[in-house]
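Enquirer:
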DNA sequence: ACTTAAAATCGAAACGTTTCGATAGGGAGC
DNA sequence: GCTCCCTATCGAAACGTTTCGATTTTAAGT
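Protein chains in written order, with this note's numbering: chain A, 6 to 339; chain B, 6 to 339.
Okay, structure coming up:
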């Protein structure tokens with residue numbers, strides 16, 4: 006019933022092994038033969054049997070994709086979009102993505118089956134992943150790529166958004182709009198992304214010969230929520246240090262800033278300009294629409310897969326950090 | 006390096022085929038032998054090779070899951086959650102879910118690879134799927150299960166939320182709160198879910214001996230957006246027919262109702278009570294928090310997989326509609 | 001204890017590929 | 001025309017299971 010490589014070989018008048026060479030794009034086949042086989046494959050509508058391939062070769066043709074249930078199912082489709090980019094890119098390379106979620110706290114019952122069955126050529130981890138699982142993973146010599154997260158210890162390959170550059174773009178933009186007194190509303194500085202954004206903020210100020218004033222930097226909040234953004238902004242206002250713009254460490258905090266400014270009847274952007282970071286879905290639906298920094302999420306996912314395929318084929322692991330460029334989206338708040 | 010069924014057989018002192026029987030839970034093995042083999046499997050930490058299994062048997066151990074890119078990546082994680090339920094359930098049955106997205110308009114280039122390679126035992130389609138793809142699918146004799154969608158023609162098996170019952174619950178709740186004059190704000194009646202909700206509305210009124218007044222039924226909008234909800238509510242108010250409650254066909258429209266009522270300084274729930282449908286993420290964050298009807302999305306996904314596994318093992322296709330129960334979530338708007 | 005049927009266990013082929021050592025074919029150099 | 005080599009092609013083993021017919025064991029009936 007199903008069409009096998011034998012059918013192709015017979016119809017094309019060659020041996021099975023020659024067809025195999027063609028399928029796998031290997032050298033050592035005359036161009037004429039190759040064309041003939043390709044034509045036959047097309048005519049018969051032949052598709053190699055994934056399982057048979059996986060059995061015979063050591064390659065699995067699958068890439069694992071792990072994220073936490075929380076990250077996957079929350080309303081802001083950040084990791085969902087990253088996955089989407091991965092899936093699309095994987096198709097180009099004829100890989101399947103095996104998506105699985107794990108709980109935020111590690112449990113041995115939770116170990117993805119594709120790991121137990123050694124059913125993948127590599128694994129992509131998106132977002133923060135429980136340390137226990139990372140430890141478990143490191144026991145295999147499987148290629149691992151992190152997206153938007155760097156494990157605290159050990160060597161790794163991570164794909165991250167360029168937070169520093171994003172902050173620089175944001176602050177530079179404010180400066181070009183004439184702002185000199187720019188506040189930073191942050192929190193949880195220990196989080197690498199937030200730290201990087203603060204770093205970019207300072208660096209942009211220096212580049213523009215604006216002195217960095219510690220009075221304008223607010224990082225005492227323990228998280229980066231709308232509530233914290235609200236509170237930090239109130240502190241900023243109470244303190245009376247003059248300022249004309251705010252760079253918030255992420256959009257959630259920026260929404261908090263908006264709320265506080267609105268309550269005090271301070272108009273955005275006339276009296277205070279505001280920039281966020283992340284470009285979450287509702288950023289463009291606020292009043293005023295929020296100027297913010299965006300990363301192409303699909304690109305991050307695609308880059309992870311592309312890199313993974315490279316690693317699998319070259320059989321050499323890579324290490325380090327890939328910084329994906331970000332882009333300033335100018336809207337009404339500046 | 007990797008542990009195979011042979012290693013298990015050797016260590017347990019039995020033949021490979023006996024081990025195979027045990028792995029597959031087949032009869033014809035002494036309990037003593039079974040226990041011994043099970044123990045050995047555990048000791049060696051053996052896991053059957055997915056590919057080899059797939060090759061030797063005709064079963065693939067994979068279930069395809071298709072939804073449109075649009076449905077997957079929008080902010081309201083409805084289908085994402087359904088997928089999550091499917092994935093969790095699939096683990097219990099030792100199936101992998103192969104997730105892929107397709108564009109909303111069909112293109113031959115877009116046919117999921119797992120279909121071309123015949124790499125799945127069945128396929129689950131969530132949400133509206135392009136007709137071209139459905140036609141293509143029907144050419145195989147693959148089990149197909151639809152979630153939250155029924156294809157317009159042909160026999161099918163669909164898992165749907167119980168819209169009629171949800172509407173009855175909503176209206177009955179309003180009635181219990183003392184409301185007799187309840188308006189229906191809908192739109193796009195041709196959409197099966199919306200039609201069913203209207204039907205449930207009418208049916209609940211009749212059950213409670215409240216006359217159905219066509220003056221209180223608004224279905225002329227062409228879609229079911231917040232904007233339409235807003236406009237319909239304005240019409241309702243202009244018309245002057247007295248009413249004390251609104252049942253909106255979905256949460257988006259309910260938000261539109263809220264906006265209109267707020268503009269006219271009509272207080273919710275004091276002057277007008279409001280019920281929505283769907284329980285989208287932000288329903289619980291509105292002011293006032295919206296009373297609405299919720300379906301357990303994970304359950305829908307899990308049910309689809311459970312049913313699929315049944316079909317695969319029994320080798321008999323099922324047809325019809327499975328209605329998943331819904332639940333009224335009472336919040337501040339009533 | 002001996003026969004016999006049923007139950008348990010075994011052995012080998014088959015699934016559709018890849019891979020690698022073997023073979024055939026065709027020029028170049030003499 | 002005859003070697004020699006290199007390249008293109010081939011054949012068969014191997015991958016880790018399942019499946020089914022064959023064989024052995026067990027237990028029941030005498």
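Using N, Cα and C, we set each Cβ at its ideal position, and we do this for glycine too.
#1: Are there 16 or more other CB atoms within 10 angstroms of the CB of residue 37 of chain B, so buried, or fewer, so exposed?
#2: Is residue 157 of chain A buried or exposed, if buried means 16 or more other CB atoms sit within 10 Å of its CB?
#3: Does chain A have any CB closer than 8 Å to the CB of residue 78 of chain B?
#4: For the putative contact between residue 254 of chain B and residue 199 of chain B, defined by C-beta atoms under 8 Å, what is the C-beta separation to the nearest angstrom?
#5: Looking at the structure shown, is residue 326 of chain A part of a helix, part of a strand, or coil, going by DSSP?
#6: Please determine, among A:331, A:185, A:160, A:39, the residue with the shortest C-alpha to C-alpha distance to residue 247 of chain A.
#7: Closer than 8 Å by beta-carbon distance: list the chain B residues that pair up with residue 57 of chain A, in chain order.
#8: Helix, strand or coil, according to DSSP, for residue 332 of chain B in the structure here?
#9: In three-state terms, what does DSSP make of residue 105 of chain A?
#10: Take the Cβ of residue 244 of chain A as the centre, count every other Cβ of all protein chains shown within 10 Å, and call the residue buried at 16 or more, exposed below.
#11: Return yes when the Cβ of residue 279 of chain B is within less than 8 Å of the Cβ of residue 263 of chain B, no when it is not.
#12: Closest Cβ-Cβ distance between residue 101 of chain A and chain B: below 8 Å?
#13: When you compare each of A:71, A:219, A:265, A:205 to residue 236 of chain A by their alpha carbons, which one comes out closest?
#14: Which word fits residue 258 of chain A, buried or exposed, when buried means at least 16 other C-beta atoms lie within 10 angstroms of its C-beta?
#15: Using 8 Å as the limit for Cβ to Cβ distance, is residue 123 of chain B near chain A?
#16: At a cut of 8 Å, does the segment 218 to 232 of chain B reach the segment 282 to 297 of chain B through at least three beta carbon pairs?
#17: Between the Cα of residue 268 of chain B and those of B:238, B:275, B:286, B:251, spot the shortest distance and give me the residue it belongs to.
#18: By the 10 Å Cβ neighbour count, where 16 or more other Cβ atoms means buried, how is residue 3 of chain A classified, buried or exposed?
#19: Can you find the residues in the same chain that come closer than 8 Å, C-beta to C-beta, to residue 115 of chain A, ignoring five residues on each side of it along the sequence?
#20: Which residue wins for smallest C-alpha separation from residue 337 of chain A, given the options A:273, A:328, A:28, A:317?
#21: Considering only residues of the same chain and omitting the five flanking positions on each side of residue 196 of chain B, which have a CB-CB separation below 6 Å?
#22: To which residues of the same chain is residue 217 of chain B closer than 6 Å at the C-beta, ignoring the five residues directly before and after it?
#23: So for residue 64 of chain A, helix, strand or coil by DSSP?
#24: I want to see whether chain B comes within less than 8 Å of residue 286 of chain A, judged by CB atoms only; does it?
#25: When the Cα atoms are used, what is the spatial distance from residue 133 of chain B to residue 162 of chain B?
#26: Whose CA, out of B:310, B:53, B:67, lies closest to the CA of residue 12 of chain B?
#27: My understanding is that residue 152 of chain A touches residue 69 of chain A, with C-beta atoms under 8 Å, so please give their C-beta distance in whole angstroms.
#28: Quickly, what does DSSP pair residue 281 of chain A with across the bridge? List them, please.
#29: Take the Cβ of residue 305 of chain A as the centre, count every other Cβ of all protein chains shown within 10 Å, and call the residue buried at 16 or more, exposed below.
#30: Can you tell me whether residue 99 of chain B is buried or exposed, with buried defined as 16 or more other CB within 10 angstroms of its CB?
#31: Can you tell me whether DSSP reads residue 210 of chain B as helix, strand or coil?
#32: Looking at C-alpha atoms only, which residue of A:283, A:249, A:275, A:326 is the closest neighbour of residue 260 of chain A?
#33: Taking 8 Å as the CB-CB limit, is residue 98 of chain A close to chain B?
#34: What is the residue span of the beta strand (DSSP E) that residue 7 of chain B lies within?
#35: What's the gap between the Cα of residue 150 of chain A and the Cα of residue 182 of chain A?
#36: Can you pull the chain A neighbours of residue 268 of chain B, defined as C-beta to C-beta under 7 Å?
Expert: Taking the definition as stated:
#1: As a first step, residue 37 of chain B is located in the second chain; it is residue number 32 there, counting from the start. With fewer than 16 other Cβ atoms within 10 Å, it is exposed.
#2: By 1-based counting over the first chain, the position of residue 157 of chain A is 152. Burial call: exposed.
#3: Position 73 of the second chain, counted from the first residue, corresponds to residue 78 of chain B. Answer yes: the Cβ-Cβ gap between residue 78 of chain B and chain A drops below 8 Å somewhere.
#4: Counting from 1 along the second chain, the entry for residue 254 of chain B is found at position 249. Counting from 1 along the second chain, the entry for residue 199 of chain B is found at position 194. At roughly 5 Å, the Cβ-Cβ gap stays under 8 Å, so residue 254 of chain B and residue 199 of chain B are in contact.
#5: Here the question's residue 326 of chain A lines up with position 321 in the first chain. Reduced to three states, the DSSP call for residue 326 of chain A is strand.
#6: Taking the first residue of the first chain as 1, we reach residue 247 of chain A at position 242. Checking every option, the nearest Cα to that of residue 247 of chain A belongs to A:185.
#7: Counted from its first residue, the first chain places residue 57 of chain A at position 52. Within chain B, the residues near residue 57 of chain A are 56, 60.
#8: Locating residue 332 of chain B in the second chain gives position 327, counting from the first residue. Strand, per DSSP.
#9: What you label residue 105 of chain A is simply residue 100 of the first chain in a count that begins at 1. Here residue 105 of chain A sits in strand by DSSP.
#10: By 1-based counting over the first chain, the position of residue 244 of chain A is 239. That one is exposed.
#11: As a working mapping, residue 263 of chain B is identified with position 258 in the second chain. As a working mapping, residue 279 of chain B is identified with position 274 in the second chain. Yes.
#12: Start at 1 with the first residue of the first chain, and residue 101 of chain A comes out as number 96. Interface residue, yes.
#13: Mapped onto the first chain, residue 236 of chain A falls at position 231. Ranking A:71, A:219, A:265, A:205 by Cα distance to residue 236 of chain A puts A:265 first.
#14: The sequence position of residue 258 of chain A within the first chain is 253, counting from 1. Burial call: buried.
#15: To locate residue 123 of chain B, count along the second chain from 1; it is residue 118. It does: the Cβ of residue 123 of chain B has a partner Cβ on chain A nearer than 8 Å.
#16: no
#17: Counted from its first residue, the second chain places residue 268 of chain B at position 263. Comparing Cα positions, the closest option is B:238.
#18: Residue 3 of chain A is absent from the model: chain A starts at 6 and stops at 339.
#19: Position 110 of the first chain, counted from the first residue, corresponds to residue 115 of chain A. If we look at residue 115 of chain A and ignore the five residues flanking it on each side, its Cβ neighbours are 107, 108, 138.
#20: Against the first chain, residue 337 of chain A aligns to sequence position 332. It is A:273.
#21: For the purposes of this step, residue 196 of chain B is identified with residue 191 of the second chain, where counting begins at 1. Within the same chain, residue 196 of chain B has no close Cβ partners at all.
#22: Mapped onto the second chain, residue 217 of chain B falls at position 212. Excluding residues within five positions, the ones whose Cβ falls inside 6 Å are 207, 210.
#23: Within the first chain, the letter at position 59 stands for residue 64 of chain A. Correct three-state label for residue 64 of chain A: coil.
#24: Here residue 286 of chain A refers to the residue found at position 281 when the first chain is read from its first residue. Residue 286 of chain A counts as touching chain B.
#25: Here residue 133 of chain B corresponds to residue number 128 of the second chain, with the count starting at 1. Here residue 162 of chain B corresponds to residue number 157 of the second chain, with the count starting at 1. Using only the alpha carbons, I get a separation of about 14 Å.
#26: Here residue 12 of chain B corresponds to residue number 7 of the second chain, with the count starting at 1. Checked all of B:310, B:53, B:67; the closest Cα to residue 12 of chain B is B:53.
#27: Start at 1 with the first residue of the first chain, and residue 152 of chain A comes out as number 147. Start at 1 with the first residue of the first chain, and residue 69 of chain A comes out as number 64. Not really, about 13 Å apart at Cβ, beyond 8 Å.
#28: As a first step, residue 281 of chain A is located in the first chain; it is residue number 276 there, counting from the start. Partner(s): none; residue 281 of chain A has no beta bridge.
#29: Here residue 305 of chain A refers to the residue found at position 300 of the first chain. So residue 305 of chain A ends up on the buried side.
#30: One-based indexing of the second chain puts residue 99 of chain B at position 94. The residue in question, residue 99 of chain B, is exposed, as its Cβ has fewer than 16 Cβ neighbours within 10 Å.
#31: As a working note, residue 210 of chain B is residue 205 in the second chain. The answer is helix: DSSP assigns residue 210 of chain B an H, G or I state.
#32: Taking the first chain and counting its residues from 1, the one referred to as residue 260 of chain A is at position 255. Among A:283, A:249, A:275, A:326, the Cα nearest to that of residue 260 of chain A is on A:283.
#33: In the first chain, counting from the first residue as 1, residue 98 of chain A sits at position 93. Cβ-Cβ to chain B under 8 Å: no for residue 98 of chain A.
#34: Against the second chain, residue 7 of chain B aligns to sequence position 2. Residue 7 of chain B -> no beta strand (DSSP E), and no H or E assigned at all.
#35: As a position in the first chain, residue 150 of chain A is number 145, starting the count at 1. As a position in the first chain, residue 182 of chain A is number 177, starting the count at 1. One C-alpha to the other measures close to 39 Å.
#36: Here residue 268 of chain B is taken as the residue at index 263 of the second chain, counted from 1. Within 7 Å Cβ-Cβ: nothing; residue 268 of chain B doesn't reach chain A, min ~15 Å.
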